[in-house]
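Residue 1 is where the sequence shown starts when you use the UniProt record's numbering, and the numbers rise one by one after that.
Cβ atoms here follow ideal geometry from the backbone N, Cα and C, with glycine treated the same way.
From a predicted model like this one, the values you see are computed outputs, not experimental measurements.
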Amino acid sequence: MELGFYTFADIASTSQTEEKISPAQRLRNLIEEIELADQVGLDVFGVGEHHRPEYAVSTPAVVLAAAAERTKKIRLTSAVTVLSSDDPVRVFQSFATLDLLSGGRAEIMAGRGSFIESFPLFGYDLDDYEELFAEKLDLLLRLRQEEHVTWTGKHRPALDGLGVYPRPLQEPLPIWVAVGGTPASVVRAGTLGLPLALAIIGGEPARFAPLIKLYRDASQHAGHDASTLPVGINSHGYIADTSQAARDEHSQYYITMMNKLAVERRWPRMGRREYDSACSPRGALVVGSPEEVIDKILAQHAIFGHHRFLMQASVGAMPHRQILHAIELFGTKVAPVIRRETGSPSTPASPLVNTRP
Numbered sequence: 001m002e003l004g005f006y007t008f009a010d011i012a013s014t015s016q017t018e019e020k021i022s023p024a025q026r027l028r029n030l031i032e033e034i035e036l037a038d039q040v041g042l043d044v045f046g047v048g049e050h051h052r053p054e055y056a057v058s059t060p061a062v063v064l065a066a067a068a069e070r071t072k073k074i075r076l077t078s079a080v081t082v083l084s085s086d087d088p089v090r091v092f093q094s095f096a097t098l099d100l101l102s103g104g105r106a107e108i109m110a111g112r113g114s115f116i117e118s119f120p121l122f123g124y125d126l127d128d129y130e131e132l133f134a135e136k137l138d139l140l141l142r143l144r145q146e147e148h149v150t151w152t153g154k155h156r157p158a159l160d161g162l163g164v165y166p167r168p169l170q171e172p173l174p175i176w177v178a179v180g181g182t183p184a185s186v187v188r189a190g191t192l193g194l195p196l197a198l199a200i201i202g203g204e205p206a207r208f209a210p211l212i213k214l215y216r217d218a219s220q221h222a223g224h225d226a227s228t229l230p231v232g233i234n235s236h237g238y239i240a241d242t243s244q245a246a247r248d249e250h251s252q253y254y255i256t257m258m259n260k261l262a263v264e265r266r267w268p269r270m271g272r273r274e275y276d277s278a279c280s281p282r283g284a285l286v287v288g289s290p291e292e293v294i295d296k297i298l299a300q301h302a303i304f305g306h307h308r309f310l311m312q313a314s315v316g317a318m319p320h321r322q323i324l325h326a327i328e329l330f331g332t333k334v335a336p337v338i339r340r341e342t343g344s345p346s347t348p349a350s351p352l353v354n355t356r357p
C-alpha cells in the first residue's frame, strides 16, 4: 500500500487564537512538510486546489513544482484539480511540466471539487456542473493519449490536430478520479479504467464498501482488469505520540473548522462528543497514536483492499510543528508496519506507471 499526506494548506484562524498565518508563510511551511514526508519515506503528497481565503493554494502544480526541487522520491499529486472549471490543455501542460521537473513523479487527481467558487470565477454555469466534468475529463484523457488532438466539445473551443506540449516523462501520466460518494462518479471511473480516490470524511467507512464493489464491477463490465486498477482512500486524520495527545491537539482545530463549514453547508454542528465518536474504531477519523492509526488503516484495508491511503492532517490552523511530528510518526512508525502487513515493498512504485527510456 502507498501511504501519504494531502493538504489544502489551511490558513484560517481559529477561536483558540487570533493569529492567522500568512499565505507566504503557509506555503513555505508546506514545502517543508513535503520535504520531510519524502525524507521519512512516505510515497505520496497531495495538494488541493481552492479559491477561498481559508486556503493558500489555488494552483497545485506550481506548489508541487517547488516541492519537486526539494524532494527525491515522493510522488506529487493534486488533491484535487477542479477540472470542471479549468482548461484541460493547461492542466495537462502544467502537470507534464511538473513531471519533467520531478523526474516522473507527477500525478493528477481530477475531481469536480467540494466548493463552487471556481465556477463563477472562471465564467462557468453551475447548471452545467455534471456536463463540464465529463466533457473536460474526456479531453484530458485524449491529451495524454495523443500528441496531436482533434476534439470538439460544448464548453471549450475545438482542437483541430494541434500539438500539445510539453509531453510528460511518464507514459501515461497518471490520472486519478476523485469522488466523494456519488455512485455515478464511481461508475464513470470504473468504466474509463481510471484509478479511484474515494474521500471518506464522515460516517462509518464500512458503509462505503458497496461503492468500491460498484467501481470494480463497472470496470470489469467495461473490459478492464479490475484487479489492476488502484483504489485510494483519502481521510481526515492525525497522529501524535499517544491517543490522548492526538485527540487533544487535533480536536480544537478540527471542530472549529468543521463547524465553520457546517454553517455554510447546513451540516449538524460538531462537539467533542461527536469528534470522539468519529475517532472510534468504526468512525471516519484516523486519529490516534501510531498503534491506533495502524489498526484503523489495516481494518479499512480488510474492507476495501485498497492500494493507497492519504491522510489530511492539517484541517484548520494546525500548528506547523505538530504537522511535522505527525508526518514523522507516519513515516517512521506507521508506514513500516502497514507495508509489512499488506505485503508492500519498503518504497513501492506507483501502479500503472511507466516512464520513457
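**Request:** Return helix, strand or coil for Arg356, following the three-state DSSP convention.
**Result:** Translated into the one-based positions of the sequence shown, residue 356 becomes position 356. Low confidence applies to Arg356: its pLDDT is 38, below 50, so where it sits in the model is not reliable enough to give any reading.
**Under the three-state DSSP convention, the category Asp241 falls into** = The residue you call residue 241 lines up with position 241 of the sequence shown. Note: Asp241 maps to coil in three-state DSSP.
**Request:** Answer with buried or exposed for Pro281, where buried requires no fewer than 16 other C-beta atoms within 10 angstroms of its C-beta.
**Result:** Within the sequence shown, numbered from 1, the residue matching residue 281 stands at position 281. Counting the other CB atoms within 10 Å of its CB gives Pro281 a total below 16, which places it among the exposed residues.
**Asked** If you pair each beta-carbon of the stretch 208–217 with each one of the stretch 178–187, do three or more pairs fall below 8 angstroms?
**Response** Result yes; three or more Cβ-Cβ pairs closer than 8 angstroms.
**Message:** Buried or exposed, going by whether 16 or more other CB atoms sit within 10 Å of the CB of Gln25?
**Reply:** Counting from one through the sequence shown, the residue named residue 25 turns up at place 25. The residue is exposed, with fewer than 16 neighbouring Cβ atoms inside 10 Å.
**Message:** Do Val287 and Arg247 have their beta-carbon atoms positioned less than 8 angstroms apart in this structure?
**Reply:** Taking the sequence shown and counting its residues from 1, one reaches residue 247 at position 247. Taking the sequence shown and counting its residues from 1, one reaches residue 287 at position 287. Yes, Cβ-Cβ distance for Arg247 and Val287 is below 8 angstroms.
**Prompt:** How would you call Ser227, buried or exposed, if buried means at least 16 neighbouring beta carbons within 10 angstroms?
**Reply:** Residue numbering aside, residue 227 sits at position 227 when the sequence shown is read from its first letter. Exposed: under 16 other Cβ atoms inside 10 Å.
**Message:** Tell me which residues share the same chain as Asp295 and place their Cβ nearer than 8 angstroms to its Cβ, disregarding the 5 neighbours each side in the sequence.
**Reply:** Looking up residue 295 in the sequence shown gives position 295. Cβ within range, chain order: Pro281.
**Request:** Indicate whether the contact test is met: 3 or more Cβ pairs, each with one atom in the stretch 53–69 and one in the stretch 91–100, closer than 8 angstroms.
**Result:** At 8 angstroms Cβ cutoff, the stretches touch.
**Message:** Starting from residue 358, trace the beta strand (DSSP E) in both directions and tell me its first and last residue.
**Reply:** Here the chain covers residues 1 to 357 and nothing more, so residue 358 does not appear.
**Asked** Looking at the structure shown, is Glu33 part of a helix, part of a strand, or coil, going by DSSP?
**Response** Residue 33 sits at position 33 when you count from the first residue of the sequence shown. Three-state result, Glu33: helix.
**Message:** Assuming Ser94 is part of the alpha helix (DSSP H), what are its boundary residues?
**Reply:** As a first step, residue 94 must be located in the sequence shown, where it is residue number 94. Bounds of the alpha helix (DSSP H) holding Ser94 are Pro88 to Ser102.
**Asked** Sorted by chain position, which residues of the same chain lie with C-beta nearer than 7 angstroms to Phe122's C-beta, five sequence neighbours on each side aside?
**Response** Here residue 122 refers to the residue found at position 122 when the sequence shown is read from its first residue. For Phe122, where only same-chain residues beyond five positions count, the Cβ hits under 7 angstroms are Ser85.
**Request:** Just mark Glu130 as buried or exposed, buried being the case when its beta carbon has 16 or more other beta carbons within 10 Å.
**Result:** As a first step, residue 130 must be located in the sequence shown, where it is residue number 130. Burial is judged here by how many other beta carbons sit within 10 angstroms of a residue's own beta carbon; Glu130 has fewer than 16 and is exposed.
**Item:** Beta-carbon gap between Met109 and Ala134 smaller than 8 angstroms
**Value:** Translated into the one-based positions of the sequence shown, residue 109 becomes position 109. Translated into the one-based positions of the sequence shown, residue 134 becomes position 134. Going by C-beta atoms, Met109 is not nearer than 8 angstroms to Ala134.
**Item:** Bridge partners - His236, DSSP secondary structure assignment
**Value:** Taking the sequence shown and counting its residues from 1, the one referred to as residue 236 is at position 236. When DSSP reads this structure, His236 sits in a beta bridge with Gln312.
**Request:** Over the uninterrupted beta strand (DSSP E) stretch that includes His148, give me the two end residues.
**Result:** As a working mapping, residue 148 is identified with position 148 in the sequence shown. Annotation for His148: the continuous beta strand (DSSP E) segment containing it runs His148 to Trp151.
**Asked** When we look at the beta-carbon of Ala302 and count the other beta-carbons within 10 Å, is it buried (16 or more) or exposed?
**Response** Along the sequence shown, one-based indexing puts residue 302 at 302. In the assembly as shown, Ala302 is an exposed residue. Its beta-carbon has fewer than 16 other beta-carbons within 10 Å.
**Request:** Evaluate Leu83 with the Cβ neighbour count: other Cβ atoms within 10 Å of its Cβ, from every protein chain shown; 16 or more gives buried, anything less gives exposed.
**Result:** For the purposes of this step, residue 83 is taken as residue 83 along the sequence shown, with counting starting at 1. Within a 10 Å sphere around the beta-carbon of Leu83 sit 16 or more other beta-carbons, which makes this residue buried.
**Asked** Should Arg28 be listed as close to the ligand HEM, given that the test is whether its C-beta is under 7 angstroms from any heavy atom?
**Response** Among the components modelled here there is no ligand, and therefore nothing to report on the ligand HEM.
**Message:** Considering just the uninterrupted stretch of the alpha helix (DSSP H) at Asp160, what are its terminal residues?
**Reply:** Mapped onto the sequence shown, residue 160 falls at position 160. Unbroken run through Asp160 is the beta strand (DSSP E), Leu159 to Gly163; no alpha helix (DSSP H).
**Asked** What residue range is occupied by the uninterrupted beta strand (DSSP E) comprising Leu192?
**Response** Here the question's residue 192 lines up with position 192 in the sequence shown. In the DSSP assignment, Leu192 falls outside any beta strand (DSSP E) and within the unbroken alpha helix (DSSP H) covering Pro183 to Leu192.
**Message:** Looking at the strands, I want to know which residues DSSP matches up with Phe45.
**Reply:** Translated into the one-based positions of the sequence shown, residue 45 becomes position 45. For Phe45, which the question treats as bridged, DSSP gives the partners Phe5 and Leu76.
**First and last residue of the uninterrupted alpha helix (DSSP H) at Ala66** = Within the sequence shown, the letter at position 66 stands for residue 66. Per DSSP, the continuous alpha helix (DSSP H) segment holding Ala66 begins and ends at Pro60 to Ala68.
**Item:** Inter-residue spacing [alpha-carbon to alpha-carbon] between Asp225 and His307
**Value:** Residue 225 sits at position 225 when you count from the first residue of the sequence shown. Residue 307 sits at position 307 when you count from the first residue of the sequence shown. Between Asp225 and His307, the C-alpha separation is close to 15 angstroms.
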